[in-house]
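One line per chain: the protein sequences are G and D, in this order. Position in the first sequence (from 1) plus 71 gives the number in the working numbering. Position in the second sequence (from 1) plus 71 gives the number in the working numbering.
There are 2 protein chains.
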Amino acid sequence: MSHVRLTNVVIASWPRGWERGARLCSGVRVGADLARGTEAGVVSLVKPLSSLTTFRRSMASLSEQEKILTGENVYSNLQRMEYAVRGPLLIRALEIEKELQRGVKKPFTEVIKANVGDAHAMGQKPITFLRQVLALTVTPELLDDPRYPEDAKNRARAILGGCKGGSVGSYSESAGIELIRKHVAQYIQERDGIPCDYQNVILSGGASDGIKSVLKLFNEKINGKPSGVLIPIPQYPLYSATLAEFGLAQVGYYLNEENKWSLDISELERALAEGKKTSNPRVLVVINPGNPTGQVLTRSNIEDIIRFAHKHRLFLLADEVYQDNIYDKESSFHAVKKVMMEMGAPYSKMELASFMSISKGYMGECGIRGGYSEIVNMDPAVMAILLKSISAMLCPTVLGQVAMDVVTNPPKPNEPSYKQFIEEKNATLQSLAERSRLVVDTLNSIPGFKANPAMGAMYVFPQFELPAKAIEAAKAEGKSPDVFYAFKLLEATGICVIAGSGFGQKPGTYHFRTTILPQKDKIKTMLNSLKEFHIQFLKEYS
Amino acid sequence: MSHVRLTNVVIASWPRGWERGARLCSGVRVGADLARGTEAGVVSLVKPLSSLTTFRRSMASLSEQEKILTGENVYSNLQRMEYAVRGPLLIRALEIEKELQRGVKKPFTEVIKANVGDAHAMGQKPITFLRQVLALTVTPELLDDPRYPEDAKNRARAILGGCKGGSVGSYSESAGIELIRKHVAQYIQERDGIPCDYQNVILSGGASDGIKSVLKLFNEKINGKPSGVLIPIPQYPLYSATLAEFGLAQVGYYLNEENKWSLDISELERALAEGKKTSNPRVLVVINPGNPTGQVLTRSNIEDIIRFAHKHRLFLLADEVYQDNIYDKESSFHAVKKVMMEMGAPYSKMELASFMSISKGYMGECGIRGGYSEIVNMDPAVMAILLKSISAMLCPTVLGQVAMDVVTNPPKPNEPSYKQFIEEKNATLQSLAERSRLVVDTLNSIPGFKANPAMGAMYVFPQFELPAKAIEAAKAEGKSPDVFYAFKLLEATGICVIAGSGFGQKPGTYHFRTTILPQKDKIKTMLNSLKEFHIQFLKEYS
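This is the structure we're talking about:
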C-alpha cells in the first residue's frame with residue numbers, strides 16, 4: 072500500500088467522529104446522562120455539516136459500539152459536574168465574538184465578558200513592578216539593564232538564587248520555592264500579628280488548585296457516607312464542581328440576602344442538620360469577601376462561625392482570595408486564622424486551610440496562575456499525605472510563584488519602586504471601589520432590580536423580578552428563567568453575565584452575577600445597555 | 072482580654088500540632104496506614120523539640136480525637152499513592168543539602184540530583200529565543216527595544232493579540248489560546264503529514280496535567296470492576312501514582328530488558344489476561360521514547376501495538392514527551408497517531424490521546440509548566456465532558472502556553488533568530504547524546520552492572536547485582552534492597568538516583584534510574600564516584 076493512499080483513507084474516515092456530535096445537538100439523540108448544559112459545549116465542537124443527507128448517511132455506518140469511551144461509560148462524576156462561569160453562556164459568547172469577526176450584523180459591536188473576574192481582560196493594567204521582576208527572572212541578562220530599578224533586580228536575584236541552576240526553568244519543590252514560601256509566611260505574619268511557619272505554606276497554580284488538593288483529602292467514605300462540605304449559597308461554582316467531581320456531598324447554607332448577604336448561624340445549624348441525613352459533614356467553607364455576593368464578614372460573625380465549626384467538629388476552609396478587595400469603608404478584612412488564634416484554646420487548635428491568589432486583589436494576574444494555601448493545625452500524618460499527593464504533579468508554575476513573591480514581598484517605603492507601586496495599587500483599588508458603587512446604584516435604578524452593596528470582591532449579584540410570561544417562555548425552552556434571561560441579554564446586547572442558578576439561589580428568586588471589572592466608560596455603556604434591555608424585556612413579556 | 076495576652080495563648084498552644092509529628096518519626100507511634108516511605112516526609116515537617124520531657128508532657132494532653140482529619144480517615148487512595156521521583160530519597164537529599172549548608176562535614180561537597188529530568192537544574196542553558204518571546208509577552212514595552220530580534224517580537228505580538236486585553240495576565244480559554252492551539256496543530260501536521268484539527272489540541276500545565284485529565288475520564292466502575300490501565304514496567308511513576316489516586320487498576324506489562332527494553336506483544340497478551348481477572352482493561356499506555364528505560368519503539372513494533380489495542384478495544388495513550396530526544400542513529404521517532412492513521416481503517420478510527428511537554432526535548436523548561444494533549448477520534452460527548460472537566464481550573468498558565476508556542480512555532484530558516492536557535496538546539500541534543508553514551512559505557516564498566524543503551528529520553532536504568540549480605544542488611548532495615556543501596560549511595564557520595572522499585576522491575580532484579588543530565592565534567596565525577604562507591608559496597612557486603 073502506498074503512503075499516499077493510506078493518507079487518503081485517513082482523510083476520508085477522519086471526520087466521522089465529529090459528526091456524531093451533531094446527533095447530540097440536532098436532537099437526533101441526546102444521551103440520557105448528558106446534562107442539558109453540556110449540549111452547548113458539544114455544539115462548539117461540531118464542524119458544520121455540509122448537508123443533512125451526508126449527516127444521515129454517515130450515521131447509518133456508525134454504531135455506538137465503535138467507541139471505547141462514550142457519553143454513557145465516561146466517569147459519571149464528571150458528567151454531573153457543572154462550572155457555570157465557563158458554561159454554555161460563555162461558549163455562546165465566544166461564538167458571537169467569532170460571528171462579529173466574520174461580519175455578522177448584531178445590535179452591538181463587541182461582547183462584554185462580565186462573566187469572570189478577569190481584570191486584565193477588561194483593560195486593567197498590570198502592576199509594573201510585578202512584571203519587571205517576572206521579566207528579570209525570565210531573562211537574567213536584563214539584570215545588567217540600567218532601566219530596571221534595583222529593588223526589582225534584588226527580588227529577581229534572590230528568587231533566581233532559590234531556583235535550581237539559577238533558572239525559572241527548573242522544577243521547584245512541590246510545595247514551592249522555599250524562599251517564596253518564607254516571604255508568604257512573613258506576609259501572613261505581618262497581616263495577622265500571629266506566627267506563621269513557612270512549612271505550613273504550600274504554593275499552587277492558582278487558589279483553585281490548592282482548594283482542590285485540600286478537599287481531595289476528605290474523599291473517604293465513612294460508614295458508607297461521603298464527607299459533607301458546607302458551602303454558602305450562592306457560592307463560587309468551583310466548589311459545586313469539585314464536590315461533584317470528588318463525589319463529596321454538597322451541604323448548602325443560604326446567605327441572608329435581606330441583610331447584605333450576611334451569614335446566620337441558625338441557617339448553618341439548619342443546613343448541618345439537613346446535611347447529616349446523607350453525609351458526614353466534615354468541612355465548612357467560608358468565602359470572605361464573598362463571591363458572588365461581595366459581602367465582608369464582621370469579626371464577631373467570624374467568631375460565631377468558628378464556634379459553630381468547633382462545636383460540630385468541622386474543618387475550616389477559608390477562601391480569602393479577595394482579601395485586598397474591600398470597598399466598604401465600615402468593613403475590614405479579618406483573616407479566619409487571626410480570629411481563631413486570638414480566640415485562644417480550644418479554637419486556636421482547630422484545623423484550617425486558607426487560600427490566596429495572584430488573580431484577584433489589585434494585581435489581577437489570572438493568566439500567570441499563582442496561589443498559596445496556609446494549612447494550620449493539620450495532623451502531620453495528613454500533611455505528609457497532602458505533600459505527597461501534590462508531588463506527582465511536580466511543581467506549580469515557577470513564574471506563578473515569582474508573581475506571588477512580589478505580592479507578598481512588595482516594594483518597601485525606602486525602595487525606589489515603592490511610590491509607583493503604591494500609586495498603581497491604590498488607583499486600581501480606588502477605581503474598583505468606584506465601579507462597585509456605580510454598578511450597584513445603576514442596577515438599583517432599574518425597575519424590579521435589587522442589589523446589595525458590593526462591600527468587597529469583584530462582583531454584584533442582583534436579584535430581579537421576571538414577569539410570569541417570561542417564566543413561561545423559559546419553561547417552554549427547557550431553560551431555567553434566569554438562564555433564559557441571561558441568554559436573551561447576551562444575544563441582544565453582547566453582555567455576558569452568569570445566571571444565578573449557576574451559583575445557587577433561593578427557589579423562586581432570580582439573579583445574575585456581573586463583575587465590576589469593565590473600565591469606567593465601558594461599564595457605563597454596559598449598564599445603560601442592560602437597563603434599556605430590561606425595560607424592553609419587561610414590555611415584551613408583560 | 073488584651074490583644075497581647077491572646078497572642079501569647081496562641082504561641083503557647085500553637086506548636087502542639089507539630090509535636091504529634093515527632094511521635095511518628097521517633098517511633099512512639101506510627102499510623103498503621105502510613106506507608107513506610109512517608110515517614111521521611113513527616114520528619115521534614117517536624118520542628119526540633121527542645122526536650123523529650125516537653126514532648127511527652129504535650130502528648131498526654133493530646134488525644135487522637137482532637138483532629139477532624141487524621142492519618143486514619145484521610146482519603147485512602149492518597150494514602151496508597153507513591154511518587155518515587157519525589158519520595159523519601161529526594162527528601163533525604165534535600166536534608167543533606169541543608170546539612171552541607173550548615174557546615175556538616177560529608178565525604179562530598181554537593182548533592183547531585185540525578186533523580187529527576189530537570190535539565191536547567193543541572194546547568195543546561197535556556198533556549199535564547201524562547202526566553203526572549205517570554206520576556207516580550209511579560210513586558211510588552213520591550214517590543215520597542217532594538218536589542219530583541221524581529222521574529223521574537225512578531226511571535227510576542229501575535230500571542231498578545233490572542234490574549235484578552237492584550238495581557239498574559241488574563242485567563243485564556245480552558246483549552247488554551249486558540250492561536251497557540253493552531254500552531255500546535257500545524258506542528259503535529261507537519262511532523263506526521265496527517266491532518267490535525269486544533270480543536271483536538273488541549274494545552275495544559277505540563278504533560279502530567281493532560282495525562283491525569285484523560286485518565287480521569289475512565290474512573291467509572293463497570294459491573295463493579297474498575298477500569299484497567301496497561302502500563303509498561305518499568306514505568307514513569309506518574310502512572311502508578313495517578314492510577315492509585317483515581318482507584319484505577321494498574322495492569323503492568325514487562326518490557327524486555329534482554330532485548331533493549333523492547334515491547335513484546337506476547338507479554339501484552341499475558342498482562343491483559345491477568346488484568347481481566349480484577350478489572351475491565353480499557354487503556355493501553357505506551358511511553359515512547361521510554362522513561363525510565365530510554366528505548367525507542369520501531370515502527371513495526373508500534374503497528375503491532377496498535378493491532379493489539381484494536382483487537383482488545385483499548386484506548387491508546389501515547390506519552391511522547393521525549394519525541395525530540397533520540398540519540399540512537401538507527402532509531403527515529405514514530406508518533407502513534409501517524410502510524411495509526413497510515414495503517415488506515417479500522418485502525419485510523421481508534422481513540423488515542425498523545426502528550427507532549429515543554430519540560431523535555433532540547434528546551435527543558437520544566438518550571439514554566441507547559442504541555443499539550445492531542446485527542447483523536449474521541450466521542451464528541453466525551454470530548455465535551457473533558458473540556459468541561461478542565462474548565463473549573465480556569466486555564467493552564469498562559470506563560471507555559473507561550474513557551475509551547477515557541478516549541479511548535481520555532482524560528483524559520485529565513486528569520487533572524489534561526490541560526491542561533493538551531494545551534495542551541497543541536498548543541499543541547501548532541502551533548503545529551505554524548506552523555507547518554509558516557510553514562511551507559513561507564514555503568515557497563517562497573518562489576519555486576521548491565522545497562523542497555525539509552526536510545527532516547529534522558530535516563531539510564533541499569534541492572535546491578537547485589538551481594539546476599541547486602542540483601543540481608545536491607546531486609547533488617549525493612550527496606551527493599553535497591554532502596555537500601557540508593558540510600559547508601561546518597562549518604563556516601565551525594566548522588567541522588569531513584570531505586571528501581573519506584574518504577575517497577577522483575578522480582579529479584581535491582582535497578583536504579585539516573586538521568587544523563589549533569590553537565591559533562593560533573594557527570595564524569597559522578598560516574599567515577601559511583602564506581603568507587605560500588606566497589607567499596609561490594610567489599611563491605613561480600
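A virtual CB, placed ideally from N, CA and C, is assigned to each residue, including glycine. Source: prediction; values computed, not measured.
Run through chain G and tell me which residues come within less than 7 Å of residue i, C-beta to C-beta.
i                      : result
residue 561 of chain D : Within chain G, no residue comes near residue 561 of chain D; the closest Cβ sits about 17 Å away, beyond 7 Å.
residue 45 of chain D  : Absent from the model: residue 45 of chain D. The displayed extent of chain D is 72 to 613, so no value can be given.
residue 245 of chain D : 157
residue 65 of chain D  : This structure leaves residue 65 of chain D out entirely; chain D is present only between 72 and 613.
Apart from the five residues just before and just after residue i, which ones in its own chain have a Cβ nearer than 7 Å to its Cβ?
i                      : result
residue 268 of chain G : 256
residue 472 of chain D : 243, 247, 248, 251, 274 and 441
residue 372 of chain G : 333 and 334
In its own chain, which residues sit with a C-beta less than 8 Å from the C-beta of residue i, not counting the 5 before and 5 after it?
i                      : result
residue 322 of chain G : 299, 300, 301, 302, 342, 343, 345, 346, 350 and 352
residue 530 of chain G : 188, 362, 363, 364, 365, 584, 585, 586 and 587
residue 375 of chain D : 336
residue 538 of chain D : 609, 612 and 613
residue 487 of chain D : 220, 221 and 222
Please report the straight-line C-alpha distance between residue i and residue j, rounded to a whole angstrom.
i                      : j                      : result
residue 553 of chain G : residue 154 of chain G : 16 Å
residue 411 of chain D : residue 583 of chain D : 33 Å
residue 143 of chain D : residue 295 of chain G : 15 Å
residue 312 of chain D : residue 220 of chain G : 45 Å
residue 224 of chain G : residue 204 of chain G : 7 Å
residue 385 of chain G : residue 137 of chain D : 11 Å
residue 509 of chain D : residue 218 of chain D : 39 Å
residue 603 of chain D : residue 545 of chain D : 20 Å
Round the Cβ separation of residue i and residue j to the nearest angstrom and send it over; I've been treating them as touching at under 8 Å.
i                      : j                      : result
residue 364 of chain G : residue 326 of chain G : 6 Å
residue 459 of chain D : residue 146 of chain G : Actually they do not touch by this definition, with Cβ atoms about 12 Å apart.
residue 527 of chain G : residue 430 of chain G : In fact, because the Cβ distance is near 15 Å, the residues do not count as touching under 8 Å.
residue 436 of chain G : residue 197 of chain G : 7 Å
residue 192 of chain G : residue 241 of chain D : 4 Å
residue 316 of chain D : residue 149 of chain D : 6 Å
Residues of chain G with CB under 8 Å from residue i, in chain order?
i                      : result
residue 206 of chain D : 206, 209, 210 and 213
residue 468 of chain D : 276, 438, 439, 440, 468, 470 and 471
residue 197 of chain D : 238 and 240
residue 280 of chain D : 464
residue 365 of chain D : Chain G residues near residue 365 of chain D: none, gap ~20 Å exceeds 8 Å.
Short of 6 Å in beta carbon distance, which residues of its chain neighbour residue i, apart from the five on each side in sequence? Order them along the chain.
i                      : result
residue 304 of chain G : 323, 325 and 575
residue 480 of chain D : 254
residue 106 of chain G : With a pLDDT of 30 at residue 106 of chain G, under the threshold of 50, the modelled position of this residue cannot be trusted; read the value that follows with caution. Cβ within range, chain order: n/a, list empty.
residue 38 of chain G  : Nothing in the structure corresponds to residue 38 of chain G, since chain G is present only between 72 and 613.
residue 393 of chain G : 360, 431, 527 and 528
residue 450 of chain D : none
Run through chain D and tell me which residues come within less than 8 Å of residue i, C-beta to C-beta.
i                      : result
residue 395 of chain G : None at all; the shortest Cβ gap to chain D is about 16 Å.
residue 202 of chain G : 209 and 210
residue 194 of chain G : 236
residue 288 of chain G : 140, 145, 146 and 149
Listing by chain order, which chain G residues have their CB less than 9 Å from the CB of residue i?
i                      : result
residue 353 of chain D : 139, 140 and 144
Anything in chain D within Cβ reach of residue i, meaning under 7 Å, just list it in chain order.
i                      : result
residue 571 of chain G : The contacting residues do not exist; residue 571 of chain G stays about 18 Å from chain D at best.
Q | Contact set between the segment 209-235 of chain D and chain G, restricted to residues whose Cβ is under 8 Å from the partner | A | Within the segment 209-235 of chain D, the qualifying residues are 209, 210, 213, 234 and 235.
**Q.** Short-range partners of chain G found in the segment 581-609 of chain D, where Cβ spacing is below 8 Å
**A.** none
Q: Would you list, in chain order, the members of the segment 137-151 of chain G that have their beta-carbon closer than 9 Å to a beta-carbon of chain D?
A: 137, 138, 139, 140, 141, 142, 143, 144, 145, 146, 147, 148, 149 and 150
Q: Can you give me, in chain order, the residues of the segment 296-321 of chain G that have a beta carbon less than 8 Å from any beta carbon in chain D?
A: 308, 309, 312, 313 and 316
Q | Residues in the segment 539-557 of chain D having any Cβ partner in chain G nearer than 9 Å | A | none
Q: Give the residues from the segment 376-387 of chain G that approach chain D closer than 9 Å (Cβ to any Cβ), ordered along the chain.
A: Going along the segment 376-387 of chain G in chain order, one finds 384, 385 and 386 with a Cβ nearer than 9 Å to chain D.
Q: Could you name the residues of the segment 168-186 of chain G whose beta carbon sits closer than 7 Å to any beta carbon of chain D, in the order they occur along the chain?
A: none
Q. Given a limit of 8 Å on CB to CB distance, which residues of the segment 255-272 of chain G reach chain C?
A. The chain inventory of the structure shown lacks chain C, comprising the protein chains G and D.
**Q.** chain G contacts from the segment 416-428 of chain D (Cβ-Cβ distance under 8 Å)
**A.** 416, 419, 420 and 422
Q: Give, in chain order, every residue of the segment 479-502 of chain D whose Cβ lies closer than 7 Å to some Cβ of chain G.
A: Within the segment 479-502 of chain D, no residue has a Cβ that lies closer than 7 Å to any Cβ of chain G.
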